[in-house]
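Okay, structure first, notes after.
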Amino acid sequence: MFRAIWITGLVVWLAALWQPVVAATDVPRPRSMLILDQSEARGPFYYQVFSGIRAAVNADTDAHVTIYSESLDLSRFRGQANEENLHRFLREKYRDRPVGVVIAIGAATLDLALRWRGELWPETPIVFATFDKGDLSRLKPPPGVTGGIVRMRLQDTIEAARAVVPDLDTIFLVGDPWDSQVIFRNWKDEINSAAAGLNVIELVGLKMRELRERVTALPDRSAIIYSAIYSDGEGNFYPPATALALMADRANRPIIVAAETFLSPGGIGGFVLLPTVVGSAIARLALRILNGEPSPSAPMELTDAIKPIFNWPQMQKWHVSESSLPPGSEIRFREPTFWERYRWQSIVVVATILLQATLIAILLQERRRRRYAEVEARNRMSELAHLNRRATAGEMSASIAHELNQPLGAILTNTETAESMLKSATPNLDEVKEILADIRRDDQRANEVMRRLRSLVKMKPFETRIIDLNDTVREVFQFLSVQASTRSVALDLEETPKILQVKGDPIQLQQVIVNLVVNSMDAMASLPNGRVVTGRTELCNGTSAEISISDSGHGIPSEQLARVFDPFFTTKEQGMGIGLSIARTIVQAHGGRIWAENQTGGGAIFRLSIPLAKA
Amino acid sequence: MPSVVYVVDDDASFRTAIERRLKNAGYEVVAYPSAQRLLDNLPDESRPSCILLDVQIPGLSGPDLQTRLSDLDSTLPIVFLTGHGDIPTTVQTIKAGAQDFLTKPVSSDQLLGAVERALANHQTVRDRRGRLDIQRALITSLTPRERQVFELVVRGRINKQIAAQLGTTERTIKAHRQKVMEKMKAQTLAELVSTAERLGMFEMSDKNRG
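Read top to bottom, the protein sequences are chains C and A.
Using the numbering used here, read the first sequence as starting at 33 and increasing by one per residue.
Using the numbering used here, read the second sequence as starting at 86 and increasing by one per residue.
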């Protein structure tokens, strides 16, 4: 009997011992989780916690988990009646919904969940996230209830404040009354130790209006430390991030914050709580429990969930340098520099500009070389033209000698006549005077011949001035008249009465005419008689001057018409073939053109046209 | 009565200078700017005169004028003036009987010397021409028989041969021969041959024979 009782007791004990094991392994938990948080659904902090949870759940692709979530809004609704209503609501709502694990966020939620557990979710594990060790010692979570704890320390926040304001001597603590705080409640006990050596001024529980007034005139060397404000004290509630924005708008000192969600509304930063990290950490724990692992008895400390993060625009505003921040700090909202933002565009633009600059440089260089080559070509032309003129002068030496001998002969004879006259007893002085005048005139005439000869053989650079082509042609015809007569060639010049004003080098243009006329005379050398060279000047359309030199020879064979201006093309036995080629080069250098034709009545005609100079 | 110098030069200045110089030296000067003008006013060759002619003149050239004057049987000596010595032209004009060839500029000594020589030459030519004219006149006074005898005598035939050729007696030929010597005013046979030569009788009879 005694023994039976013992055995029974043993069996019961064993059964009792077995039962959870069987429950954990044999009966699978429903794959669903109910998330309870103490905020309202729109609060950014809890929203981020929730997204951390969802991200972790979605990351586990092995099996689907249904997520239910309830925002209890405990910071705005409190008291016995509210709790009972929530209890009843949840009981009715989840009557037929099996819940595999309950996630409770915040100490107030955990408190309610523990109280409701026996009735609503007996044996269902609870995973919590809380922000104060003190909460746990107060709530004493039973077995099956575990979670993560984040330690929010005022000391860290003050360290951040010292980093932001190096000569810090005063801190303003801003927030709702400590007892109604859900996350930062424990800071109140920490003030004495953490803020030693600083003036601590608590702006706690003020109406928003008063607060906004106060923060406009805070002293230098101070910083604001923001915990959380849920209400303006006049019946309006808002998420603490919104409240922060209202205050930051006015504050004349930097605001140190302790939650990631407080950065963008105007906090300069600090050791901030990362709600997504909290969410994903507890979600992973909950998933492990759903998958059958036993709940760890001790809560884990979520050290990853706090990180020094600072707000770049605020740092700029308060002139905080990156180097003074705590080691490992992250900087958010840093405006990417122009280089970072437009790196590729910049590279492309700079490369394009460089390429263009290179091209332009090359083109400029090319242009310079071309201009140089043009000058060179012009110099070569001048030299060649000079040689051609000297050759012409050589060819014409006989007629030049004749031209010189006429006046020289006259001078000699006149002089001797005068001498003879003066020897007589009664010299006729009037006649002597006349003779002297003649001598002077003949001397000038000889001089003129020399001047023309010099200009013909002188090496002159290409230079242009305004000239009348009629003068040019006339001078050449005069110059060549002697040579023409020795060669029995009649020279005939028909000038237009109009002025043919062109811009050109007179010597070189004369040379063109000389070459054409001499060429025509050469072409008629074999004629027994009737050798005539006719020069004609005309005005064409009022835009160009045309000169034609025609002869009465046999003309040019039509297949050679196009080639007569080619260098070294000649039909003469002793010709070099450069005369006409030089003529063409010179005409082209004057912007004109030159061509040869055969006249219908026989003989060749060379024409050249040069644009008129603009008046 | 001064001698006349005809100056043909297209260069007015040179022409004037030469004209002045020659007048100063005592000549009468007639100046023309072209050869044609001289041809249009042919000089009176009965006076001692000469031509100063520029080689290179427009239109009719110096050598052309020389040819034309020669065709006209002119006796005027021509002194050529040229701006530069052109050997082919010089040779051509000298061959054609130019008196002299001067190069411009020319000194007065050269010029006057050449003019003087030309005038003297003209005188000689005119004299010779005068004698020839007389002898030509004398020939016309010969009878045809005497003329025949004359031609044969100057060719060196002896009387006997001539008589045989003309079909007469030696005696008759001797009388004709005497008559010819008288009419031609020749003292010796040599003189007679010289006259015949001057009158170009050998050429003429050669031509006749050919």
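Glycine included, each C-beta is placed from N, C-alpha and C at the ideal position.
Computed from a predicted structure; not experimentally measured.
{"Check": "Please work out which residues of its chain come closer than 8 Å, Cβ to Cβ, to G574(C), disregarding the five sequence neighbours upstream and downstream, and give them in chain order.", "Outcome": "L644"}
{"Check": "Identify the continuous beta strand (DSSP E) that holds V330(A) and give its terminal residues.", "Outcome": "Residue numbering for chain A in the displayed model covers 86 to 295; residue 330(A) lies beyond these limits and cannot be assessed."}
{"Check": "With burial defined as no fewer than 16 other Cβ atoms inside 10 Å of the residue's Cβ, what is the status of A55(C): buried or exposed?", "Outcome": "In this predicted model, A55(C) has a pLDDT of only 44, less than 50, meaning its place in the structure is not dependable; the value taken from the coordinates is given anyway. Answer is exposed; the Cβ neighbour count stays below 16."}
{"Check": "Please confirm whether F186(A) has its beta-carbon closer than 8 Å to some beta-carbon of chain C.", "Outcome": "no"}
{"Check": "In chain A, which residues lie with their C-beta within 8 Å of the C-beta of E448(C)?", "Outcome": "R106, S192, S193"}
{"Check": "Taking 7 Å as the limit between beta carbons, can you name the residues of its chain near A417(C), skipping five residues before and five after?", "Outcome": "Q540, Q543, I614, I618"}
{"Check": "Specify the secondary structure class of N343(C) as computed by DSSP and reduced to three states.", "Outcome": "strand"}
{"Check": "For F303(C), report the span of its beta strand (DSSP E) as first-last.", "Outcome": "301–305"}
{"Check": "Between the Cα of T167(A) and the Cα atoms of T152(A), F186(A), Q177(A), I179(A), which residue gives the shortest distance?", "Outcome": "F186(A)"}
{"Check": "Tell me the rounded alpha-carbon separation between N551(C) and F597(C).", "Outcome": "12 Å"}
{"Check": "In terms of residue numbering, what span does the beta strand (DSSP E) encompassing L235(C) cover?", "Outcome": "231–236"}
{"Check": "Is the Cβ of P560(C) closer than 8 Å to any Cβ of chain A?", "Outcome": "no"}
{"Check": "When you compare each of I443(C), P459(C), S487(C), S456(C) to L468(C) by their alpha carbons, which one comes out closest?", "Outcome": "I443(C)"}
{"Check": "Should the region 207–217 of chain A be regarded as contacting the region 252–266 of chain A, the criterion being three or more beta carbon pairs within less than 8 Å?", "Outcome": "no"}
{"Check": "Under three-state DSSP, which class holds A136(C)?", "Outcome": "strand"}
{"Check": "Classify I158(C): buried if its beta carbon has 16 or more other beta carbons within 10 angstroms, exposed otherwise.", "Outcome": "buried"}
{"Check": "May I ask you to list, following chain order, the residues of the region 431–445 of chain C that have a beta carbon less than 9 Å from some beta carbon of chain A?", "Outcome": "S431, A433, H434, E435, L436, N437, Q438, P439, L440, G441, A442, I443, L444, T445"}
{"Check": "How many whole angstroms separate the CB atoms of T293(C) and P76(C), which I take to be in contact at a CB cut-off of 8 Å?", "Outcome": "4 Å"}
{"Check": "Do L436(C) and V481(C) have their C-beta atoms within less than 8 Å of each other?", "Outcome": "yes"}
{"Check": "Quick test of your reading: L186(C) and W219(C), contact by CB under 8 Å. State the CB separation rounded to the nearest angstrom.", "Outcome": "4 Å"}
{"Check": "Is there a Cβ of chain C sitting closer than 8 Å to that of M189(A), yes or no?", "Outcome": "Per the sequence presented here, residue 189(A) reads as Lys, with Met not at that position. It does; some Cβ of chain C falls within 8 Å."}
{"Check": "Between which residues of its own chain and F365(C) is the CB-CB distance below 8 Å, once the five residues before and five after are set aside?", "Outcome": "L295, S296, N343, W344, P345"}
{"Check": "Determine whether the beta carbon atoms of P209(C) and I256(C) lie at a separation below 8 Å.", "Outcome": "no"}
{"Check": "Please specify which runs of the alpha helix (DSSP H), each continuous and at least 4 residues long, are wholly inside the region 191–233 of chain C, giving them in chain order.", "Outcome": "219–226"}
{"Check": "Please report the Cβ distance between V239(A) and A281(A), rounded to the nearest whole angstrom; I am assuming they are in contact, meaning their Cβ atoms lie under 8 Å.", "Outcome": "4 Å"}
{"Check": "Would you decide whether V53(C) is buried or exposed? Buried here means 16 or more other CB atoms lie within 10 Å of its CB.", "Outcome": "Residue placement at V53(C) cannot be trusted, given a pLDDT of 44 that sits under 50; what the coordinates show is reported in the next sentence. When all chains shown are included, V53(C) counts as exposed."}
{"Check": "Can you list the alpha helix (DSSP H) stretches of 4 or more residues lying completely in the region 135–161 of chain A, in chain order?", "Outcome": "147–156"}
{"Check": "Quick one, which of I258(A), R106(A), G111(A), S146(A) has its alpha-carbon nearest D95(A)'s?", "Outcome": "S146(A)"}
{"Check": "Can you list the residues of chain A that M413(C) reaches, using a CB-CB cut of under 8 Å?", "Outcome": "None at all; the shortest Cβ gap to chain A is about 33 Å."}
{"Check": "Any contact between the region 625–638 of chain C and the region 398–409 of chain C? By contact I mean 3 or more CB pairs, one from each, below 8 Å.", "Outcome": "no"}
{"Check": "Can you tell me which of T202(C), W371(C), R194(C) puts its alpha carbon nearest to the alpha carbon of V302(C)?", "Outcome": "Per the sequence presented here, residue 302(C) reads as Gly, with Val not at that position. If we check each option's Cα against that of G302(C), R194(C) comes out closest."}
{"Check": "So is K530(C) buried or exposed if we call it buried at 16+ other beta carbons inside 10 Å?", "Outcome": "exposed"}
{"Check": "Using 8 Å as the threshold, is the region 240–249 of chain C in touch with the region 322–331 of chain C, meaning 3 or more CB pairs across them?", "Outcome": "no"}
{"Check": "Along the chain, where does the alpha helix (DSSP H) containing D475(C) start, and where does it finish?", "Outcome": "461–489"}
{"Check": "Report buried or exposed for K455(C), applying the criterion of at least 16 other Cβ atoms within 10 angstroms of its Cβ.", "Outcome": "exposed"}
{"Check": "Cβ closer than 9 Å: which chain A residues qualify as neighbours of I467(C)?", "Outcome": "A102, R105"}
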